[in-house]
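Structure first, then comments.
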Amino acid sequence: LRHSTPKDMHRRHATLREKGRRQAIRGPAYMFNEKGPSLTAEEEHFLDSAEYGNIPVVRKMLEESKTLNFNCVDYMGQNALQLAVGNEHLEVTELLLKKENLARVGDALLLAISKGYVRIVEAILNHPAFAQGQRLTLSPLEQELRDDDFYAYDEDGTRFSHDITPIILAAHCQEYEIVHILLLKGARIERPHDYFCKCNECMEKQRKDSFSHSRSRMNAYKGLASAAYLSLSSEDPVLTALELSNELARLANIETEFKNDYRKLSMQCKDFVVGVLDLCRDTEEVEAILNGDVNIHLCPEHHRPSLSRIKLAIKYEVKKFVAHPNCQQQLLTMWYENLSGLRQQSIAVKFLAVFGVSIGLPFLAIAYWIAPCSKLGRTLRSPFMKFVAHAVSFTIFLGLLVVNASDRFEGVKNLPNETITDHPKQIFRVKTTQFSWTELLIMKWVLGMIWSECKEIWEEGPREYVVHLWNLLDFGMLSIFVASFTARFMAFLKASEAQQYVDQYVQDDDLNNVTLPPEVAYFTYARNKWLPSDPQIISEGLYAIAVVLSFSRIAYILPANESFGPLQISLGRTVKDIFKFMVIFIMVFLAFMIGMFNLYSYYLGAKYNPAFTTVEESFKTLFWSIFGLSEVISVVLKYDHKFIENIGYVLYGVYNVTMVVVLLNMLIAMINNSYQEIEEDADVEWKFARAKLWLSYFDEGRTLPAPFNLVPSPKSFYYLILRIKMCLIKLCKSKAKNCENDLEMGMLNSKKRKVRFHSSIQNTESFSGKNAYTKPTRYQKIMKRLIKRYVLKAQVDRENDEVNEGLKEIKQDISSLRYELLEEKSQATGELAKLIQQLSDKFGKTLNKD
């Protein structure tokens, strides 16, 4: 009976081998080795026991066998530790880890991380190999350079990428608990160098294997962008995720071969930020996310949050974060600051409020000048009132532009070949170049808007100012207005000089009877005799462009309305599509324009119309042909040159087919596609655009619109004095500090090394003390709560998806339990046989005595 049990167990093992083995990775042996590794019966039995979780056999062989090589490998190149870890046998793993000189511990750790076996990971990390922590910071490739098979899967190297460290793999697998354990052990993911870095390390990696270098960067960024790593490694996960999303979006445009991967990672960071925001439960938590550290970023003057995180999100176009209901609700509360009752009112009441501001804007401006800190002043400083005031001011400005042209609605009083003067001795140009009262008001509005733009450039900086397209539109509009008025003023000065000459030197009352110098007589001519470069003509042309740009600026305030906002966004996207289309359009247009010009330039005067005979005529003909306004006769010659004429017909026909049928329809398809993209996510796009509009009115300052902002208020003088005072204080402090530094350097020069030594110790102690004993700020407490919720939610979601894994673990536990029961049965049988033998011996001795 004693000898039958091992045979039965061996028979069962053989049966299991015939049915197939549950290895971590199995496959045909001939694919890997021509001849598998030669294993003794003992080693094969040992590997089988480790694989199936036969704890008693593994323990017995490790303790009693003197010839066993516990680092032996099977035909797949896996040792006992790898097989035990791959099948989640914790007890077997712990037994193997007690042995010295155990090989491939690192690969077992990576395997446990990839499968999410937390307890096995903890057991492996307690191995002496990880005592110093250097193993966790070195990649498998760096270990191989040290002639170490620590992370090797088999004799050919690691099963994972050579740059994958345990912390990177755990982050890839979204294993929150394992990432936390590794972070406590000191593991970190090193941020890759800049793509254009020229350091020796990057240059060497790029030269040796550019593909591996790019893949290693990608793997590192995948780890950094992991929600598990972002949550547990950063003190400010929201800021880290926003910055990383922007960096990844930038890399997507640089490393185009990995564009989709980088965009996916960037979106992953954005989704993480949205997920954290979605877990907020009160206003305090929302404010913490939107403002960053609320203890630092509060404005001390008016206690208005800085919204630094949402500004960063808008800059990096994290649209879902900005359009999130929690964010929008907070922004809406700030939008109606000091006007809490107006938020719940109907549209009619809001319209009456806007109408009241429109009527009383001059009086409100005077009241704000007198008492900027009064209740009325605080009301005018609210973002909504600032928006209404600026919108009303700009509407008045547009009204002035219309009124300025109203005297010509029914036609001008004089034709281009006529002159009209107030008296016979007046020069005609003096009358036409004088500024009307509406033009003077327009100039005041323009000056006010210029002053507002200057303040914005001063506050934001030129680099940030030019990023926004609306600022460029304002700059162009105001520049053209200034150029127009300057040219008009130059024409007025020249006409005034001519009038002054007439008043001094001409005695006759009728200028028609007087011969004037050419430079004076020019200003008496009718419009049809003016030079093309006349300042007044240039002024009128520039003024027309400025008027068009002024009215187009209405689109800036359209996102405030839910109905017109999406249309304005679609229009903006359409403009981008048109600019892309223009590249191909210009190439095709230039090709046919130059070709048709070369064909017909020799036939000037020999055609029925001047089309294609000059570059200008070629441009006009082809351009208007797009809209069907050119004639076929444009290619017909008066001479019998049929070859040239036929080529002209062919080229002109191909041009119309290419431009009208192909390119224009392609443009329509592009515009339609852009509109569909906006329409599918119209709510997010609109709320994002509205938030950008709102934020421009949240900052302090620029309360009064143009032209009321030209008059400085007492508050402006107060702030000016404060700034001068702060500058003087900083200047005095810097001088005093320089003097103290010079004195200390002179006194302590002899003790330089000692001071450096003690200061380094103090810095180290203060840093560790800060991390260990510094009381967490309010912001850190809030972020800790939010991240804890996020991690718990992620773990719950993952547990719901791991039912099959749980069943597999149960099967493996049952298998291990079966072997333990068999071992206990075998031991009990052996003990029973011994007892029977002892009883039989005693019974025999008793019989012999008798």
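If you count by my numbering, then the sequence shown holds residues 568 to 1417, one letter each, in order. From the three backbone atoms N, C-alpha and C, an ideal C-beta is built for every residue, glycine too.
| task | Indicate the three-state DSSP secondary structure (helix, strand or coil) for P1281 in the structure shown. | result | helix
**Prompt:** Distance, Cα to Cα, C764 vs L1234?
**Reply:** 40 Å
Would you mind reading off the limits of the alpha helix (DSSP H) that contains K627?
I622 to E631
| query | If we ignore side chains and look at the alpha-carbon of each, how far apart do L1014 and L1008 end up? | reply | 10 Å
Next item on the list: Taking all protein chains shown into account, decide if D615 is buried (16 or more other Cβ within 10 angstroms of its Cβ) or exposed.
Entry: buried
- prompt: Using CA coordinates, which residue listed in T1005, H990, R948 and T946 is at the minimum distance from D974?
  reply: T1005
Notebook entry, point to check: Counting pairs of beta carbons, one from the region 1097 to 1116 and one from the region 1038 to 1051, are three or more of them closer than 8 Å?
Noted result: yes
Practice prompt. Could you pull the start and end residues of the alpha helix (DSSP H) that E689 belongs to?
Written response: V685 to L692
Fill in: Element boundaries [alpha helix (DSSP H), containing I1161]
G1132 to Y1167
- prompt: If A795 sits next to E742, beta carbons under 8 Å apart, how far is it from one beta carbon to the other, in whole angstroms?
  reply: 6 Å
Going by other Cβ atoms of all chains shown within 10 Å of its Cβ, with 16 needed for buried, is R1257 buried or exposed?
buried
- Query: Who are K1174's beta bridge partners in DSSP?
  - Reply: L1204
Considering only C-alpha positions, which residue in the set L1231, F1210, S1201 and E854 is nearest to Y1219? S1201
Exercise for the section: Just list the alpha helix (DSSP H) runs in the region 924 to 997, keeping only unbroken ones of 4 residues or longer that don't cross its boundaries, in chain order. Expected result: 942 to 947 and 950 to 971
### Query
Using the C-alpha atoms, what's the distance from N820 back to Y829?
9 Å
**Asked** Cβ atoms of Q1103 and A1058: under 8 Å apart, would you say?
**Response** yes
message: For R1352, tell me which candidate among E610, R848, R755 and K1254 has the shortest Cα-Cα distance.
response: R848
Using a 10 Å radius around the Cβ and a threshold of 16 neighbouring Cβ atoms, would you call F1118 buried or exposed? exposed
Close-in-space but distant-in-sequence residues of the same chain around A1062 (CB under 7 Å, 5 per side omitted) = I994, R996, V997, T1000 and F1090
Practice item. Could you check what DSSP says for P1102 in three-state terms: helix, strand or coil? Key: helix
Close beta carbons around Q835, own chain, < 6 Å, minus the five adjacent residues each side
A792
Please report how far the alpha carbon of D845 lies from the alpha carbon of M1154, in whole angstroms. 49 Å
Just mark F1419 as buried or exposed, buried being the case when its beta carbon has 16 or more other beta carbons within 10 Å.
Residue 1419 is absent from the model: the chain starts at 568 and stops at 1417.
Next item on the list: Please report how far the alpha carbon of P1177 lies from the alpha carbon of L1166, in whole angstroms.
Entry: 13 Å
Can D674 and A719 be called in contact, C-beta distance under 8 Å?
yes
Kindly indicate which three-state DSSP category P1126 falls into: helix, strand or coil? helix
Exercise. If L906 and T946 are in contact, beta carbons under 8 Å, what's the gap, nearest whole angstrom?
Worked result: 7 Å
In chain order, what residues of the same chain lie with their CB nearer than 7 Å to the CB of F1052, ignoring the 5 residues before and after it? M1010
Check your understanding: Given L1399, which residues of its chain have a CB within under 6 Å of its CB, disregarding the five upstream and five downstream residues?
Key -> none
| query | In angstroms, rounded to a whole number, what distance separates the CA positions of S875 and L1262? | reply | 11 Å
At which residues does the alpha helix (DSSP H) containing W1012 begin and terminate? W1004 to E1027
(request) Excluding the 5 residues preceding and the 5 following L865 in the sequence, name in chain order all residues of the same chain whose CB lies nearer than 6 Å to its CB. (result) Low confidence applies to L865: its pLDDT is 45, below 50, so where it sits in the model is not reliable enough to give any reading.
For V652, does the three-state DSSP call read helix, strand or coil?
helix
Review point. Taking buried to mean at least 16 other C-beta atoms within 10 Å of its own C-beta, is Q1405 buried or exposed?
Key: exposed
| message | For L1295, count the other beta carbons within 10 Å of its own beta carbon; 16 or more makes it buried, fewer makes it exposed. Which is it? | response | exposed
Using the C-alpha atoms, what's the distance from A647 back to L663?
8 Å
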